[in-house]
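The next block holds one structure in the form of structure tokens; read it before the comments.
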Amino acid sequence: MNNNKVKSEYNIIFFGTSTFAKIILGTLIDSKYKPALVVTAPDRPTGRKQELTPPPVKILAEKNKIPVFQPESLKAAKNKLGKTEPDLFIVAEYGKILPKEVIELPKHGAINIHASLLPKYRGSSPIQFALLHGDQVTGNTIILMDEEMDHGPMLSQEMVEVEENDTTETLRKKLAYHGARLLMKTLPDWISGEITPFEQDHSKATYTKIITRNDGKIDWTKSADDIKKMWQAYTPWPGLFTFWKNKRLKILTFEVVEHDVNNPGEVIRYKDVFAIQTQNNIIVPQKIQLEGKKPQGAKEFLNGHEEIIGMRLI
RNA sequence: CGCGGGGUGGUGGAGCAGUACCACGCCAGGCUCAUAACCUGGAGGUCGCGGGUGCAAUUCCCGCCCCCGCAA
Numbered sequence: 004m005n006n007n008k009v010k011s012e013y014n015i016i017f018f019g020t021s022t023f024a025k026i027i028l029g030t031l032i033d034s035k036y037k038p039a040l041v042v043t044a045p046d047r048p049t050g051r052k053q054e055l056t057p058p059p060v061k062i063l064a065e066k067n068k069i070p071v072f073q074p075e076s077l078k079a080a081k082n083k084l085g086k087t088e089p090d091l092f093i094v095a096e097y098g099k100i101l102p103k104e105v106i107e108l109p110k111h112g113a114i115n116i117h118a119s120l121l122p123k124y125r126g127s128s129p130i131q132f133a134l135l136h137g138d139q140v141t142g143n144t145i146i147l148m149d150e151e152m153d154h155g156p157m158l159s160q161e162m163v164e165v166e167e168n169d170t171t172e173t174l175r176k177k178l179a180y181h182g183a184r185l186l187m188k189t190l191p192d193w194i195s196g197e198i199t200p201f202e203q204d205h206s207k208a209t210y211t212k213i214i215t216r217n218d219g220k221i222d223w224t225k226s227a228d229d230i231k232k233m234w235q236a237y238t239p240w241p242g243l244f245t246f247w248k249n250k251r252l253k254i255l256t257f258e259v260v261e262h263d264v265n266n267p268g269e270v271i272r273y274k275d276v277f278a279i280q281t282q283n284n285i286i287v288p289q290k291i292q293l294e295g296k297k298p299q300g301a302k303e304f305l306n307g308h309e310e311i312i313g314m315r316l317i
């Protein structure tokens, strides 16, 4: 870690970890709100070889010679953060909850940018839930943090349209850039005291849960449209999968086609490829991947696995 | 040493001790109003690389390279 003094009008500390956070940070770096310190999650072992991998935010911060701090516990880090006499904390998908004592450190408090129209979709997976529910509109909200998760009063909020084929990957990117712009608009007014935080309507709050790998498992008794929404929400991670011959079969891309069904999960022949029955219509896979194999087209897969026709996926 | 699957003609797969089979594609011919078409014939493979054990290895053993699923 280097200790270069970064020139900036304000002493801002940025908390963030993910690619969403990285995009926000990128915008801050190019502005007069360049953070003096970046706090991010510790490196985690990842990949088949368990290599220790730094989070996206750390990579960007180091590239810009901003000091990086990766505490395991924020409570323990309180003193260190307090010594910097911060003006403001900016938090975006950091991954850890900031304890009250930490939130209270900066002169202008801690603000959080959250990718939903709060009080809707509080919690860790707002983007996925907007897609899972088929929302046509979502957005970003900037709040003044309090000790409860995504609960503090709002400073600003802006809508973003969801497009037909948006996935978490594409929508996240859109929201991140949008959120960065919103942040740039909000920051000056907040620091100068022109914004009065606006209490959320807590009676309308909804909550998201952490997405796990198993959320990507397809329940063929659901409707084809619901499965399509799952695909949007769970792309690129954890993706959609089912099981065939005890092997994981990922459905990477597919089409929903109107068709009679009588046995959800059963594979039928459809034109020169195959399709899987759902509760109502059928799903025609385009790109799939069998456990241990590379991704391949449905046609190629069928060349070597004709026997899948008539079988039931679970 | 985290667990596991795999590398076979252009593509996807089966075989797993006696040098290879299936589907698709491709080439030639035929049939059809049409089709996810169909029929007949044909070309195309040093079975990832290097060793070892066998009368004999794509098939067994050892080492290496590459691809991938889980896990995180």
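Okay, so the first sequence: first residue is 4 according to the working numbering, each after it adds one. Glycine residues also receive a C-beta, built at the ideal position from the N, C-alpha and C atoms.
For proline 288, there is no enclosing alpha helix (DSSP H); the enclosing beta strand (DSSP E) has its first and last residue at 285-293. Annotated as distal: threonine 256 and lysine 220, with beta-carbon spacing of 9 Å or more.
Taking the C-beta atoms as reference points, proline 122 is found nearer than 9 Å to alanine 208. Boundaries of the alpha helix (DSSP H) around leucine 190: 171-194. Residue range 22-32 is occupied by the alpha helix (DSSP H) that includes threonine 22.
Taking 8 Å as the upper bound for CB-CB distance, leucine 77 and valine 60 are not in contact here, some 16 Å apart. Here alanine 79 is exposed: its Cβ has fewer than 16 other Cβ atoms, across all protein chains shown, within 10 Å. Under DSSP, no beta-bridge partner is assigned to valine 264.
Isoleucine 93: member of the beta strand (DSSP E) spanning 91-95, first to last residue. Approximately 15 Å separates the beta-carbon atoms of glycine 142 and alanine 95; this is outside 8 Å, ruling out the contact. DSSP, read as helix, strand or coil, puts histidine 205 in helix. According to the DSSP assignment, proline 129 belongs to no beta strand (DSSP E) but to the alpha helix (DSSP H) extending over 129-135. Here the region 36-49 does not lie against the region 107-121, with fewer than 3 beta-carbon pairs under 8 Å apart. Threonine 171 is a Cβ neighbour of tyrosine 237, given a cutoff of 9 Å.
Apart from sequence neighbours up to five positions away, the residues of its chain that approach asparagine 283 with a beta-carbon distance below 7 Å are Ser226, Ala227 and Val264, ordered along the chain.
In the structure shown, the three-state DSSP call for lysine 35 is coil. Residue state for glycine 19 is assigned as strand, using DSSP reduced to three classes. Between proline 102 and leucine 91, the gap from beta carbon to beta carbon reaches 9 Å or more. Secondary structure of glycine 142 (DSSP, three-state): strand.
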